[in-house]
Amino acid sequence: MLTFRNTEYQCSMELTLELIGGKWKSLILWHLGENILRFSELKKALPRITQKMLTQQLRELEQDGLIRRFVYTQVPPKVEYSLTDAGRTILPILAAMCQWGLDYVAAPDPMEACTPATGSLSDNCRE
Numbered sequence: 719m720l721t722f723r724n725t726e727y728q729c730s731m732e733l734t735l736e737l738i739g740g741k742w743k744s745l746i747l748w749h750l751g752e753n754i755l756r757f758s759e760l761k762k763a764l765p766r767i768t769q770k771m772l773t774q775q776l777r778e779l780e781q782d783g784l785i786r787r788f789v790y791t792q793v794p795p796k797v798e799y800s801l802t803d804a805g806r807t808i809l810p811i812l813a814a815m816c817q818w819g820l821d822y823v824a825a826p827d828p829m830e831a832c833t834p835a836t837g838s839l840s841d842n843c844r845e
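Each number in our numbering corresponds to the 1-based position in the sequence shown with 718 added.
Pasting the structure below:
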């Protein structure tokens, strides 16, 4: 059992998926990468996301400490987003996910691309 922000999770995988799961969070983190982007730049990079959903996902990622929001005191307002140190630690995993997608699509039999990991799952991720 794992507790984070007053919520109990059965394993660390459940917590990880809570933090970066869903359709948009991983993509937002991927696009931020080593970049500093404004809201409009993220919206342009993710044309199918609604403004409301982008706002919601950015707020959640900020609350979870994966991105930082910097507001400039100027008119018109300027807000920039970037990854925190914790957010940057997810980049190798996102890169592996990106490569997996390429391998999956390129495989004659997509299930061939789904080879098991060479290591064993940690005990707290087994059911």
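Beta carbons: idealized from backbone N, C-alpha and C, even for Gly.
Bear in mind the structure is a predicted one, so any value in this text is a computation, not a measurement.
With which residues is lysine 796 paired in a DSSP beta bridge? Among the bridge pairs identified by DSSP, lysine 796 is matched with Tyr790.
Name the one or two DSSP bridge partners that phenylalanine 722 has. Thr725
Helix, strand or coil for isoleucine 746 per DSSP? helix
Counting only runs that start and end within the stretch 751 to 780, where is the alpha helix (DSSP H) found for 4 or more residues in a row? 757 to 763
For isoleucine 785: DSSP bridge partner residues: Leu801
Among the candidates Tyr790, Leu784, Val793, whose CA atom is the shortest distance from the CA of alanine 804? Ranked by Cα distance from alanine 804, the options Tyr790, Leu784, Val793 are led by Leu784.
In angstroms, rounded to a whole number, what distance separates the CA positions of methionine 815 and leucine 747? 13 Å
Counting Cβ pairs, one atom from each stretch, are 3 or more of them under 8 Å apart for the stretch 809 to 828 and the stretch 781 to 798? no
From this set, Gln792, Ala813, Ile811, Leu779, which residue's C-alpha is nearest leucine 801's C-alpha? Leu779
Does the Cβ-Cβ distance between lysine 761 and isoleucine 754 come in under 8 Å? no
With a CB to CB cut of under 8 Å and the five nearest residues on each side skipped, what residues in its chain are close to histidine 749? Leu755, Leu760, Ala763, Leu764
Could you round the C-beta distance between lysine 743 and glutamine 775 to whole angstroms and report it? I think they count as a contact, below 8 Å. 6 Å
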